[in-house]
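I have placed the structure first, in the form of structure tokens, so that the comments after it can refer back to it.
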Amino acid sequence: MTDRIPAPVVVTGDHFPWGEAALRWATEYAMATRSPLAVRPPTSDPIRDLMPAGSRAGLLVVGYRGANGTAFGLGRLVQPLVEHAACDVVVIRGKAEALRRAHRRVTVLLSGDVADDDLALARAVAYAEQQHVALRVLHATPSLPVRTDDPVWPVTHADDVLRGTHHTSVLARMHPHEAITRYADTDLLVLAGCGPVTRAALHHAPCPVLVAHRYPVDIARPCSAEHDRAAHAER
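Take the sequence shown: its letter number 183 is residue 364 in this note's numbering, and every next letter is one higher.
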């Protein structure tokens, strides 16, 4: 019985700086994961072109700036992809060190939503194992005089999910955008969902951002790192 060919990594690239950065990142990732690479040239309607491609891809990779190099592409391209893509999306942005993967670390940014956080943890574990890098869990929540939630619980839950997986956990008493800037020594920021934490990451991250989406195999899946590693090995 032969191994299944992984779903392709689809990237849209051009000759502008962020398009070239996206192409480099996608190429290196595809080589590391032994996935096919599909390069899509820029078109006048990238959403119409990339959405169908995402239904057959394992990952979509895009630069966060458009061809003019000045207009932030969040509203026109990135945000619709992040919200509606059928697969994970990596938005290439950040500093040169992160783009070179110099930090040797992936960071999961928790939102406090159990389903989203479990999905992000699964993706980050898979990336850390594929790339042989350190794994960090980060939850940012400001100190408030009165609150009804338990700010420590998301980290406690993540530690439980990751039992047996080497990682470090950080509870940052600050807003997510502040934590993203402060804990900048990471090569990839992983999260799930389309809420304010994701928006903060897309605007402020000093590194590429992976926004995880549920594939059919992810639905109703037991939330354990062991199970997720086995599922990724089967893909």
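Cβ coordinates follow ideal geometry from the N, Cα and C atoms, glycine included.
Residue 335 counts as buried, since at least 16 other C-beta atoms from the protein chains shown sit within 10 angstroms of its C-beta. The beta carbons of residue 292 and residue 392 sit about 11 Å from each other, so the pair does not count as a contact at 8 Å. When DSSP states are grouped into helix, strand and coil, residue 273 belongs to the strand group. Per the coordinates, the alpha-carbon of residue 246 lies some 9 Å from the alpha-carbon of residue 259. Annotation for residue 193: no alpha helix (DSSP H) segment contains it, though the beta strand (DSSP E) segment containing it runs 190-193. With a cut-off of 8 Å on Cβ pairs, the segment 318-325 is not in contact with the segment 214-227, counting fewer than three such pairs. Relative to residue 195, the option among 297, 205 and 187 whose CA is nearest is 205. In summary, residue 333 is exposed, with fewer than 16 beta-carbon neighbours lying within 10 Å of its beta-carbon over all protein chains present. Here the alpha carbon of residue 198 sits roughly 38 Å from the alpha carbon of residue 340. Ranking 289, 240, 231 and 381 by CA distance to the CA of residue 350 puts 289 first. Rounded to whole angstroms, the gap between the alpha carbons of residue 237 and residue 207 is 16 Å. DSSP places residue 258 outside any alpha helix (DSSP H), giving it a letter other than H or E.
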